[in-house]
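Here the structure comes first, spelled out in structure tokens, and everything after it is commentary.
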Amino acid sequence: MIRSLPSSASYRIAYGAYVFLFFTFLLMPLLAISVLAFNDSNFISLPWNGFTLDWFFSATDERQGVFADEELIASIVTSLSTGFFVAVLSTLVGTIAALLFEEEEFKLKGLLYFLALAPLVIPGVILGISILLTATAAGNHIENTFGLDVELFRPSYWLVILGQFSFAATYVMLLVSARLKKFDRTLEEAALSLKATRLEAIWYVTIPFLRPAIMGAFVVAFILSFSNINTTIFLIGSDPTLPIDLYSRIRFSSTPVLNAVSFMIVLVISVLAIINFFTSRSKD
Amino acid sequence: MIQNKKNNFNITFYLLIVPVLIWLIFMIVIPHVELLISSFQIEDDIGNKVFSFANYIEFFNQKIYWLTFVKTAAYSIGVTLLAFIVAFPIAFYLTKVASKPKASFLLLLLLIPLWVGELVTVYGWMVLLGDHGVINHFLITIGIINEPVNMLYTDFSMVVGLLYMSVLFMVIPVMSSLHSLDDSLIEAACDLGASKWVIFTRIIIPYAMPGITSGAIIVFMLVIGDYLAPNLLGGKHSLWFTEQIYNSFLTTFNWNEGAAFGFLLLMLSSGVIWLALKLSGQKLEKVGS
Chain A
4 MIRSLPSSAS
14 YRIAYGAYVF
24 LFFTFLLMPL
34 LAISVLAFND
44 SNFISLPWNG
54 FTLDWFFSAT
64 DERQGVFADE
74 ELIASIVTSL
84 STGFFVAVLS
94 TLVGTIAALL
104 FEEEEFKLKG
114 LLYFLALAPL
124 VIPGVILGIS
134 ILLTATAAGN
144 HIENTFGLDV
154 ELFRPSYWLV
164 ILGQFSFAAT
174 YVMLLVSARL
184 KKFDRTLEEA
194 ALSLKATRLE
204 AIWYVTIPFL
214 RPAIMGAFVV
224 AFILSFSNIN
234 TTIFLIGSDP
244 TLPIDLYSRI
254 RFSSTPVLNA
264 VSFMIVLVIS
274 VLAIINFFTS
284 RSKD
Chain B
157 MIQNKKNNFN
167 ITFYLLIVPV
177 LIWLIFMIVI
187 PHVELLISSF
197 QIEDDIGNKV
207 FSFANYIEFF
217 NQKIYWLTFV
227 KTAAYSIGVT
237 LLAFIVAFPI
247 AFYLTKVASK
257 PKASFLLLLL
267 LIPLWVGELV
277 TVYGWMVLLG
287 DHGVINHFLI
297 TIGIINEPVN
307 MLYTDFSMVV
317 GLLYMSVLFM
327 VIPVMSSLHS
337 LDDSLIEAAC
347 DLGASKWVIF
357 TRIIIPYAMP
367 GITSGAIIVF
377 MLVIGDYLAP
387 NLLGGKHSLW
397 FTEQIYNSFL
407 TTFNWNEGAA
417 FGFLLLMLSS
427 GVIWLALKLS
437 GQKLEKVGS
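Read top to bottom, the protein sequences are chains A and B.
Numbering-wise (our numbering), the first sequence opens with residue 4 and increments by one.
Numbering-wise (our numbering), the second sequence opens with residue 157 and increments by one.
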């Protein structure tokens, strides 16, 4: 039943088969698109017509590969830069929030902490529409009062960044808090008694201790942004992110270039997962 | 000197609290207040916003709206239960059965679908389940069936997609609560002649309850708020409540109605989550950890 206890052969085989089935279920969709990205066919699925790299590099009218499709490249660039800004903003605010809630005592702390955790249990669609409503109301108000049209208050690149930041910061806060809980507070007190200011103590003592968690949280925030669609879909302006672009292609014009982009995403994520695997193992 | 130090503390405190307040007030509190206000407004004949219950009355008058609402809630609870049944043996296997290196390799495989993002995996299921998809092609080639089986655009494919994108959020919290379960508890029960069923239901599941609650809350929230799986994998009749919100905002441009739907969805999901926390005696703080 567990490692140290003997169990019958049939039980072990049945359990092993279940685990195998589960991982097949988990990896099947990823394997299928990865293989079909190299299929020499104009349709997204089987039959297998032989190996080709057309869906990556071809630039004919009939077959436009990933690197020849300017629209696709533009949406990838948009997603990368959006992810970068979201990661910077939410790592900054999320880390500050972790320091605030772990190290300070103040009135209404419980209420603020509850609000900071709320994005965990608010569906992304709701965050999207409420931010859209608020931004539009603010934008209309500014336009009527000052006659100014501010891009931030319309569905736009920057509104997407703000929208994704609103929930990504919560995840950063949780990841950094988890490490901060293991921090020996006497180190900070030692710095203070050696005449460091509180800010210096945080900057020179606490932050270096938190660095691995902060870096990890930065990557998580980037991935959350890069794959988000529920919140983004309501805030998007004229430049779509990659998931939004792929979503409209899936609905209206599926070609195997979708397999090729998906394969590239799976590849990058797998490499990141393997890096994470080895760096976290070397720490043990 | 002491006065000086005190000031210092205050400056740091304000440096910490101001960004957090800006985040929470402008990105969380005000938008949700605006959502509530918008849901009680309609536009009159000359385009002014006026107070009205019309959006909510519309919801209860149109059968399709509240029926979709009820169906979404029921399916979300169903998928959450399914996720628990599917995930629990896997979490147990990874923490208590598999050897350490094997478990960490399988954990690596778990991370990949989690990080790849929902859109790619939903698309993968479309490729697998379609009438001309991989599974039908395979079954016809080996001769089990002659005609493609219709799997895509049904409630079946929608549930597969919903389960796929949420099940790992059940596996991970259950694993973290099983980690601290002392093996000797299970050994002792076994020595005293307890059956596997008794060990599972009387020792392991009660011990893992905090993890199960966290997992159930996150799975439920993800499923009820999901848009891609119902939209891309579900059929004409697999309406999901988020699709109604999407239609109000982006197809019919009736934002006030959409706000009312959004607020109802928010009430439903927070109500169920609150109930789950009350019944299990757990705090929201635990869900995040």
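Think of the CB as a built atom: it goes at the ideal place given N, C-alpha and C, for glycine as much as any other residue.
Q) Is it the case that the Cβ atoms of P329/B and G371/B are separated by a distance below 9 Å? A) yes
Q: Quick one: which residues of the segment 378-405 of chain B get their C-beta closer than 7 Å to a C-beta of chain A? List them in chain order.
A: I380, G381, Y383, L384, L388, T398, I401 and F405
**Q.** Interface residues of chain A facing G299/B [CB-CB closer than 9 Å]
**A.** The contacting residues do not exist; G299/B stays about 16 Å from chain A at best.
Q | the segment 339-369 of chain B: positions lying closer than 8 Å to chain A by Cβ | A | D339, I342, E343, C346, K352 and I355
Q. Whole-angstrom Cβ separation of S436/B and T369/B, contact assumed at under 8 Å?
A. 4 Å
Q) DSSP puts F261/B in a beta bridge; with which residues? A) Answer by DSSP bridge pairing: none, since F261/B is not bridged.
**Q.** Nearest-angstrom Cα separation, counted from A243/B out to T234/A
**A.** 27 Å
Q | 4 or more residues per run - each alpha helix (DSSP H) lying fully within the segment 202-256 of chain A | A | 210-230, 235-238 and 245-255
Q | Residues near I374/B by beta carbon distance below 6 Å, same chain, minus five either side | A | F325
Q) Is it buried or exposed for P362/B, if we count other Cβ within 10 angstroms and need 16 for buried? A) exposed
Q. Can you tell me where the alpha helix (DSSP H) with F207/B in it begins and where it stops?
A. That residue, F207/B, is in no alpha helix (DSSP H); its beta strand (DSSP E) goes K205 to F207.
Q. Straight-line CA distance for V22/A to M183/B?
A. 42 Å
**Q.** Through-space distance from F54/A to P246/A, alpha-carbon basis
**A.** 27 Å
Q. Taking Cβ-Cβ distances below 8 Å as the criterion, which residues of the segment 111-129 of chain A are in contact with chain B?
A. L115, Y116, F117, L118, A119, L120, A121, P122, L123, V124, I125, P126, G127, V128 and I129
(Q) For N292/B and P304/B, what's the separation of their Cα atoms in angstroms? (A) 5 Å
Q: Starting from the beta carbon of M31/A, find every residue of chain E whose beta carbon is closer than 7 Å, and list them in chain order.
A: Protein chains A and B are contained in the structure displayed, whereas chain E is not.
Q. Do we get a CB-CB distance below 9 Å when we pair E413/B with the residues of chain A?
A. no
Q. Taking 9 Å as the CB-CB limit, is F46/A close to chain B?
A. yes
(Q) On a Cα-Cα basis, can you pick out the residue from L440/B, A247/B and F417/B that is closest to F216/B? (A) F417/B
Q) So, is H188/B buried or exposed, given that buried needs 16 or more other C-beta atoms within 10 angstroms? A) buried
Q: Label Y14/A either buried or exposed according to how many other C-beta atoms from any shown protein chain fall within 10 Å of its C-beta, with 16 as the threshold for buried.
A: exposed
Q. Quick one: what does DSSP say F109/A is sitting in, helix, strand or coil?
A. coil
Q: Measure the C-alpha to C-alpha separation of I401/B and A415/B and round it to an integer number of angstroms.
A: 8 Å
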